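Going line by line, the protein sequences match chains S and H. The numbering of the first sequence is the numbering used here, which starts it at 1052 and goes up by one. The numbering of the second sequence is the numbering used here, which starts it at 29 and goes up by one. Cβ coordinates follow ideal geometry from the N, Cα and C atoms, glycine included. Keep in mind it's a predicted model, so treat the numbers as computed, not measured.
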Amino acid sequence: MEKILFKHIDTPDQNKIETYMANGGYTALPKALKEYKPEELVEMVKKSGLRGRGGAGFPAGVKWSFLPKGTDRPVYLIVNADESEPGTFKDRQLLEYDPHQTLEGTIISAYAINCHDAFIYFRGEFAYAAKVMERCIEEATEKGFIGKNILDSGYDLNVHIFRGGGAYICGEETSLMESIEGWRALSRQKPPFPAGEGLWRCPTIINNVETLSNVPHIVNKGAEWFASIGTEKSTGTKIYCLSGHVNRPGNYELEMGVNLKELIYEYGGGILDDRPLKAVIPGGSSTPVLKADEIDVKMDFESLAAKGTMLGSAGVIVMHDGTCMVSALHRLIHFYEHESCGKCTPCREGTNWMQKILTRMIRGEGKPEDVDLLFDIASNVIGNTVCPLGDAAAMPVMSFVEKFRDEFDNICNGGKPKGTLKFPFK
Amino acid sequence: MLISEETRKKLAELKDKYPTRQASIMPALHLVFDEFGYLGVEQLDEAADIIGVSRLDMNETASFYTLFPKQKVGKYLIQVCTNLSCALMGADNLVEYLEEKLGIKLGETTPDGIFTLWNVECLGSCGTAPMMQVNDEYYEDLTREKVDELIENWRKGEGS
Ligand SMILES: Cc1cc2nc3c(=O)[nH]c(=O)nc-3n(C[C@H](O)[C@H](O)[C@H](O)COP(=O)(O)O)c2cc1C
Ligand code: FES
């Protein structure tokens, strides 16, 4: 398969505009501006089947079409470069090595939704990527791809960079907007949805870096071409992030629907030290875990849903037989407890309570009834929070306990954690 | 006044850049952090006055974001990722090794004020685990040898 997003990821200097243009960059932008009306681009992206790569898989073109028609309020586009879901590290590579691709996608998408101010929100730690993008915006402005009357089309656009401050919740779209507005990033109740009332209460579209990076290619090669890649409902390619106990961790751009087993054993070179596989988290830390015998599954939105889990952000975390599942879960819950914004009670108290239970479990102080209690708390958090962070915390807990119950029971009945994770941090 | 002339100028430019003054808070936090390496209440108050927001709003927002230490930390702020993918690849050993090497525990600063050691959540670098962030830079695929070399270099740079 020919790579789309990663075609030039290893090309030296691809993050400079000359190299990007020598490799075919900024050919989609003039085409979009000259040959298409904004609404035709929305239609094209709809037809391509492109779905959000930030986690939820919502069709991008459909989301764009939710914007109010003929509004006199400004429309904003936000590029979500907050990438903080544990196990996910694809956007950083796109932004550091081929940032103009994302920028071109941003400009075209902004044009398609009649937006004149686009914001790229980087997680605070991505200082280097933000610096690179700042330079790219300057380069693109010099060439007349950003600014007033872009390529004589009469279309104006400013692109602003915002940097976060180390909060996972800022990846959640409503919290992200709160953060740009300068507040503590507490999530907002939906509805209203951002397309109606988003940034500064104006119509706003938020898309992930990888989602928008696909747009120039769709404009250049057509919606049908894009839709012919991948599966029927999950079109295009996907960057799968492989980490944990594999021989060749890293990002792999493959067709949507690649088999998980193939991804781990062929692309990833198999399990570290040739040990038996124990478990795989398929789509970032928030998605339900799969047991070793459940990995013969296609990595697309529908196939993973059919297995009771999710494609999420495609952060594949591999664990071999030396992993203590209680300790592994503790590490994840420690994260959610730390990152809960604290606005709603089930998430704030639930994550904290679950974290305390798991901490006592790995300290060998768990009580036999703690296992049911842990599951019970998670099942009361899920579906009951303002934003999906609560669900994101509950899903790993419920799936770990369901699928590896014996390890939890063992630890709560005097057994020792069997694994290499050491500290009960906190 | 604590904030330098140069930063004050940049802060002043933020004042009317966005639809609301409140929106210049995040960029302002970064400017102050870049100059001081932490956000103290006095700096935040000064910055608030320049960008034209209330001191309370400025401090309230700042307190939410853990990227910014609220007290002075070592010249090199070492932050080791201990989230799952890194933990699976030996982040805990890395923390232990750094503790031993620097003679401090997690959360502490060396008496000479050069190193601070923290553990943090996933930094989006899970495929090159274990890893750490030191000030603005990422250091990936870490081994004991690499850590030795880095620490030696930083120590040398301090002439000790
Ligand atoms: C707790 C939480 C964290 C999230 N973090 C991110 C993130 O880091 N990056 C991202 O693109 N989307 C993230 N999302 C999803 C966004 O809310 C939003 O759905 C997405 O940016 C939309 O873009 P897409 O349709 O292109 O995927 C997160 C959602 C939740 C609930
Ligand atoms: S788990 Fe350490 S960088 Fe993601």
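Query: Who are the neighbours of S1336 (chain S) on chain H, taking C-beta pairs under 8 Å?; Result: N111, L112, C150
Query: Starting from A1079 (chain S) and walking both ways along the alpha helix (DSSP H), at which residues does that stretch end?; Result: 1079 to 1086
Query: Would you mind telling me which residues of chain H sit closer than 7 Å to R1235 (chain S), beta carbon to beta carbon, in chain order?; Result: E88, T89, F92
Query: Report whether the distance from the Cβ of P1472 (chain S) to the nearest heavy atom of ligand 2 is below 7 Å.; Result: The question names Pro, but residue 1472 (chain S) in the sequence shown is Leu. Result no, Cβ not under 7 Å from ligand 2.
Query: Might you give, ordered along the chain, the residues of its own chain that have their beta carbon closer than 6 Å to the beta carbon of K1477 (chain S), omitting 5 neighbours on each side?; Result: With a pLDDT of 44 at K1477 (chain S), under the threshold of 50, the predicted position of this residue should be treated as unreliable, though the coordinate-derived value follows. Cβ neighbours of K1477 (chain S) beyond the five flanking positions: none.
Query: Using the beta-carbon count (16 or more within 10 Å), is E1232 (chain S) buried or exposed?; Result: buried
Query: What do you get for N1464 (chain S), buried or exposed, if any count of 16 or more other CB atoms within 10 angstroms of its CB means buried?; Result: exposed
Query: Any Cβ of chain H within less than 8 Å of the Cβ of H1389 (chain S)?; Result: yes
Query: Going by the C-beta, is T1262 (chain S) closer than 7 Å to any heavy atom of ligand 1?; Result: yes
Query: Please report whether the beta-carbon of S1294 (chain S) lies at a distance below 8 Å from any beta-carbon of chain H.; Result: yes
Query: Taking a cut of 7 Å between CB atoms, which residues from the region 1291 to 1322 of chain S lie near chain H?; Result: C1292, L1293, S1294, G1295, H1296, P1300, G1301, N1302
Query: Indicate whether L105 (chain H) and V175 (chain H) have their beta-carbon atoms separated by less than 8 Å.; Result: no
Query: Going along chain S in order, which residues have a C-beta closer than 7 Å to the C-beta of F64 (chain H)?; Result: Under the 7 Å cutoff, chain S gives no residues; its nearest Cβ is about 15 Å from F64 (chain H).
Query: Quick one: what does DSSP say V1340 (chain S) is sitting in, helix, strand or coil?; Result: coil
Query: Relative to the C-alpha of M1307 (chain S), which residue among S:E1345, S:K1342, S:G1363, S:T1338 is closest?; Result: S:G1363
Query: On the premise that A1079 (chain S) lies in contact with N1258 (chain S), defined as a C-beta separation below 8 Å, what is that separation, rounded to the nearest angstrom?; Result: Going by Cβ atoms, the distance from N1258 (chain S) to A1079 (chain S) rounds to 16 Å, so no, they are not a contact pair.
Query: Return yes when the C-beta of L1293 (chain S) is under 7 Å from any heavy atom of ligand 2, and no when it is not.; Result: no
Query: For the beta strand (DSSP E) holding W146 (chain H), just list the boundary residues, first then last.; Result: 143 to 148
Query: Out of S:G1076, S:F1455, S:L1128, S:E1189, which has the shortest C-alpha to C-alpha gap to K1329 (chain S)?; Result: S:F1455
Query: Anyone know if the C-beta pair for V1309 (chain S) and V1367 (chain S) falls short of 8 Å?; Result: no
Query: At what residues does the alpha helix (DSSP H) containing N87 (chain H) begin and finish?; Result: 83 to 92
Query: With a 10 Å radius around its C-beta and 16 neighbouring C-beta atoms as the bar for buried, classify R1124 (chain S) as buried or exposed.; Result: exposed
Query: How about Y1148 (chain S): is its C-beta nearer than 8 Å to some C-beta of chain H?; Result: no
Query: For G1195 (chain S), I'd like the list of residues in its chain whose CB is within less than 8 Å of its CB, leaving aside the five on either flank, ordered along the chain.; Result: I1201, L1202
Query: So does E1223 (chain S) have its beta carbon nearer than 7 Å to some heavy atom of ligand 1?; Result: yes
Query: Just to confirm my understanding: we take G1321 (chain S), look at its own chain, exclude 5 residues before and 5 after, and list those with CB closer than 8 Å. What are they?; Result: V1297, N1298, I1315
Query: Run through the region 59 to 84 of chain H for me and flag every whole alpha helix (DSSP H) of 4 or more residues, listed as ranges in chain order.; Result: 69 to 79
Query: Out of S:L1425, S:F1459, S:L1323, which has the shortest C-alpha to C-alpha gap to A1445 (chain S)?; Result: S:L1425
Query: Given a cut-off of 8 Å, decide if F92 (chain H) and A1218 (chain S) are closer than it, judged by their beta-carbon atoms.; Result: yes
Query: Compare the C-beta of G135 (chain H) against all C-beta atoms of chain S and say whether one is closer than 8 Å.; Result: no
Query: Between the region 1172 to 1185 of chain S and the region 1132 to 1140 of chain S, do three or more beta carbon pairs fall short of 8 Å?; Result: yes
Query: Would you say the beta carbon of S1364 (chain S) is closer than 7 Å to some non-hydrogen atom of ligand 2?; Result: no
Query: Tell me the rounded alpha-carbon separation between H1385 (chain S) and M160 (chain H).; Result: 18 Å
Query: Does at least one heavy atom of ligand 1 sit under 7 Å from the Cβ of R1214 (chain S)?; Result: no
Query: Since L1118 (chain S) contacts V1130 (chain S) with CB under 8 Å, what's their CB separation in whole angstroms?; Result: In fact, because the Cβ distance is near 16 Å, the residues do not count as touching under 8 Å.
Query: Relative to ligand 2, is the shortest distance from any of its heavy atoms to the C-beta of A1444 (chain S) smaller than 7 Å?; Result: no
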